[in-house]
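Please read the structure below before turning to the comments.
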Amino acid sequence: MDVATQQSMLKEIFRLVNKRPDHVCNFLEGSALLGGQDTKIIYRHYATLYFAFVVDSSESELDLIQVFVEALDRIFSNVCELDLIFRPDEVSQVLNEVISGGMVLETNINDIVASSGVKKIVSAR
Numbered sequence: 001m002d003v004a005t006q007q008s009m010l011k012e013i014f015r016l017v018n019k020r021p022d023h024v025c026n027f028l029e030g031s032a033l034l035g036g037q038d039t040k041i042i043y044r045h046y047a048t049l050y051f052a053f054v055v056d057s058s059e060s061e062l063d064l065i066q067v068f069v070e071a072l073d074r075i076f077s078n079v080c081e082l083d084l085i086f087r088p089d090e091v092s093q094v095l096n097e098v099i100s101g102g103m104v105l106e107t108n109i110n111d112i113v114a115s116s117g118v119k120k121i122v123s124a125r
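Quick note on UniProt numbering: the sequence shown kicks off at 1 and runs consecutively.
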């Protein structure tokens, strides 16, 4: 996927998710930009962070985001936006342990943290 398409998708997802009130469900049926009727956006709002995944109907709804965020929490000792901004390589390593080539590989948080190769980061916040 080229960069222009990625940027269009990010803008579309942000536009769709950002304006939704907190009390509505965390699922959105995919727009034409996201690739079809079988595609949907799942997202979760944690403190000041939004995590959004584009998935097909075979995925286990919010469990995937929960596993990813819990793994980040263990590594970053309470993940925040600064961790995502200043440590993108570590975040990518964790995500690559969960998903590769669009397939969910691992959902056990202990195994993800151990296999990611990322050392636990204790922040001085």
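Where is the CB? At the ideal position from N, CA and C, for every residue including glycine.
Quantities reported herein were computed from a predicted structural model and do not represent experimental measurements.
- Using a C-beta cut-off of 8 Å, the stretch 13-31 makes contact with the stretch 39-48, since at least three inter-stretch Cβ pairs fall below that distance.
- Contiguous beta strand (DSSP E) elements confined to the UniProt domain "AP complex mu/sigma subunit" (2-115) occur at 27-29, 39-46, 49-56, taking only those with 3 or more residues.
- For the pair Val98 and Leu84, the Cα-to-Cα distance works out to about 17 Å.
- In summary, Ala47 is exposed, with fewer than 16 beta-carbon neighbours lying within 10 Å of its beta-carbon over all protein chains present.
- Relative to Leu64, the option among Arg74, Asp73, Phe53 whose CA is nearest is Phe53.
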